[in-house]
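Protein chains: 2
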Amino acid sequence: MASTISPAAAAAALASIATPTTLVGQHQLYTRIRLATPADVPHIHKLIYQMAVFQNETHLFTATESSLATTLFNSPPFQSFTVFILEVSSNPFKNIHSPAFLPIERTVLVDHVAADPEAETFKSGVVNENDDDDDDVTVAGFVLFVPSYTTFAGKPGFHVEDLLVRECYRRKGFGKMLLSAVAEQAVKMGFKRVEWSVLEWNVNAIKFYEEMGAKVLTEWRVCRLTGDALEAYGDANY
Amino acid sequence: MASTISPAAAAAALASIATPTTLVGQHQLYTRIRLATPADVPHIHKLIYQMAVFQNETHLFTATESSLATTLFNSPPFQSFTVFILEVSSNPFKNIHSPAFLPIERTVLVDHVAADPEAETFKSGVVNENDDDDDDVTVAGFVLFVPSYTTFAGKPGFHVEDLLVRECYRRKGFGKMLLSAVAEQAVKMGFKRVEWSVLEWNVNAIKFYEEMGAKVLTEWRVCRLTGDALEAYGDANY
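Here the protein sequences come in this chain order: A and B. 1 is the number of the first residue of the first sequence in UniProt numbering; add one for each residue after it. 1 is the number of the first residue of the second sequence in UniProt numbering; add one for each residue after it.
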């Protein structure tokens, strides 16, 4: 009831819109979305594995740190395969040098910060300026995307290949932050489309994507040629 | 009935497997798949428009020759947006210089060559060596594809964005030739996947793709963010 809120508490609540302030029971979390570097490969590799576990497809997981390192960083950012890393910290981030993409920093108030059982494993590998080994920067998720092409518009777009937020950081809006960062970059570059895939039974995800403004194309199906069926085309006599 | 075929005709039919020979009522057609060049832009533009007509989506067609020319040729072939052009001719092709991709030439026997009402419009713009203005090389179709990424494999793939064979050249196996050329290139480059989309009610296309070895992913749906819904993300305060 409004009458039980003191003027001071009301002022604090209003102030928190502009400058988040920790209220009782809430925790302040600093988040940053930045471009991945080769130093992130061990984390990216583990995140992809967690995605394979989540999708019950570990039998399809053959990526190695080496295969990622040799394929992900061969082009300037946004011209081919591009990875954004989501980091979280309980302290403000120190600056990193990233001329191709200004990192997106947000401070969020969360009701509850679950203990991160893999905090050590996912300690961020980025060397900060004036590093004093006192950082608690942790990799919480990633998104991998590639340029696509909208022929009808004669303009590029982005296709989001994969997005994952680690279990203990879910339900905090981080998935939306990663996807929004891709959309924002698309607009900046004059791209006309962002596309991704969703499992048709994942109604929560579909609702969430529709709230973000996306349309689900119900009539289209993806055709995939892989494995031996693809290799057969390597023989010129197919 | 077999008994009505003369030994000479049988020999000719067998010979045609190795070296196609024109039989009664059949026509020999030379085909070539080659990389597109900026000189092909007017044809690519018209082919995309024909696709918009075919899909009843001309209201979405905003591509211009200029938008295609400025976006399609900024990277070496296969590293970003790539276009293969399918040409047909009633005469053997003259050589073209194409170090990045050896053109794929096939001679096909077709039962019937329909008159091409747009032969002049689609006269191929490639200047052949020793050009004597006597060519009848015509652009019959195209495929536009871009690299994608298979995270579980840690390897690239190709996503086929669009494929079109002009009306009077359909039902001759040319669509398969274009798609096979992309698959062959994927294998050559060590890529692990070729994907494309199909309308779920297009049962003939689905049957055809399955015969080519592709699997239709029935559970996945494509989410698309475009137009004003996408532009909204250009405002950092979304």
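Even glycine gets a Cβ: it sits at the ideal position worked out from N, Cα and C. All values reported here derive from a predicted model rather than from experimental measurement.
Under the DSSP assignment, B:Asp162 falls outside any alpha helix (DSSP H), being part of the beta strand (DSSP E) whose first and last residues are Lys155 to Val165. The CB of A:His27 never comes closer than 8 angstroms to any CB in chain B; the least such distance is about 24 angstroms. Taken in chain order, the members of the region 78-89 of chain B whose beta-carbon sits within less than 8 angstroms of a beta-carbon on chain A are Gln79, Ser80 and Phe81.
If only complete runs of 3 or more residues are kept, the UniProt domain "N-acetyltransferase" (81-237) of chain A shows the beta strand (DSSP E) at 82-89, 104-110, 138-150, 155-165, 193-199, 215-217 and 220-226, in order along the chain.
For the C-beta of B:Arg224, the chain A residues within less than 7 angstroms are, from N- to C-terminus, Arg193, Glu195, Ala214, Lys215 and Leu217.
In the structure shown, the three-state DSSP call for B:Gln55 is coil. Chain-order list of chain A residues neighbouring B:Arg221: Ser197, Val198, Leu199, Glu200, Ile206, Val216, Leu217, Thr218 and Trp220, by C-beta distance under 8 angstroms.
Where B:Thr37 is concerned, there is no enclosing beta strand (DSSP E), because DSSP gives it neither an H nor an E. Sequence-distant Cβ neighbours of B:Ala181 in its own chain, meaning closer than 7 angstroms and more than five residues away, are Ile33, Phe84 and Ile104. By the rule that beta-carbons nearer than 8 angstroms mark a contact, B:Asp162 touches chain A. Neighbourhood of A:Pro156 in chain B, by CB distance below 8 angstroms: Thr71 and Phe81, in chain order. Residue environment for B:His97: exposed (fewer than 16 other C-beta atoms within 10 angstroms of its C-beta). In the three-state scheme derived from DSSP, where H, G and I count as helix and E and B as strand, A:Leu72 is classed as coil. Spatial neighbours of B:Gly175 in its own chain (CB-CB distance under 7 angstroms, excluding positions within 5 residues in sequence) are listed in chain order as Leu163 and Val165. Among the residues facing chain B, A:Val203 is not included, as its CB has no counterpart in that chain under 8 angstroms away.
The Cβ of A:Ala100 sits no closer than 8 angstroms to any Cβ of chain B.
Neighbours of A:Val187 in chain B, taken as residues at a C-beta separation under 9 angstroms, are given in chain order as Leu230, Glu231, Ala232, Tyr233, Gly234 and Asp235.
Distances from the alpha-carbon of A:Asp111 to those of A:Pro92, A:Lys172, A:Gly157 and A:Lys155 put A:Lys172 closest.
In the three-state scheme derived from DSSP, where H, G and I count as helix and E and B as strand, B:Gln28 is classed as strand. Not a single C-beta of chain B is nearer than 8 angstroms to the C-beta of A:Glu105. Taking a Cβ-Cβ threshold of 8 angstroms, the residues of chain B close to A:Glu57 are Phe152, in chain order.
Taking every protein chain shown into account, the CB of B:Ser90 has fewer than 16 other CB atoms within 10 angstroms, so this residue is exposed.
Note that the region 200-213 of chain A does not touch the region 145-153 of chain A; fewer than 3 beta-carbon pairs, one per stretch, sit closer than 8 angstroms. Taking the Cα positions, A:Ile44 is about 43 angstroms away from B:Val53. Not one beta carbon of chain B lies nearer than 8 angstroms to the beta carbon of A:Ala140.
DSSP, reduced to helix, strand and coil, places B:Gln50 within a helical segment of the structure shown. Burial state of B:His159 is buried, judged by a 10 Å Cβ sphere holding 16 or more other Cβ atoms. Here A:Ala39 is exposed. Its C-beta has fewer than 16 other C-beta atoms within 10 Å. Within chain A, no C-beta atom comes nearer than 7 angstroms to that of B:Phe174; the closest sits roughly 15 angstroms away. A check of alpha carbon separations from A:Leu179 across A:Cys168, A:Glu195 and A:Met189 identifies A:Glu195 as the nearest. Not a single CB atom of chain B sits nearer than 8 angstroms to the CB of A:Phe93. The C-alpha of A:Arg106 is placed about 46 angstroms away from the C-alpha of B:Gln50. B:Lys207 and A:Thr31 have their alpha carbons spaced roughly 48 angstroms apart. Put simply, the CB of B:Leu68 is near chain A, with a gap under 8 angstroms to one of its CB atoms. Check the Cα spacing between B:Lys94 and each of B:Asp136, B:Lys188 and B:Glu57: the tightest is with B:Asp136.
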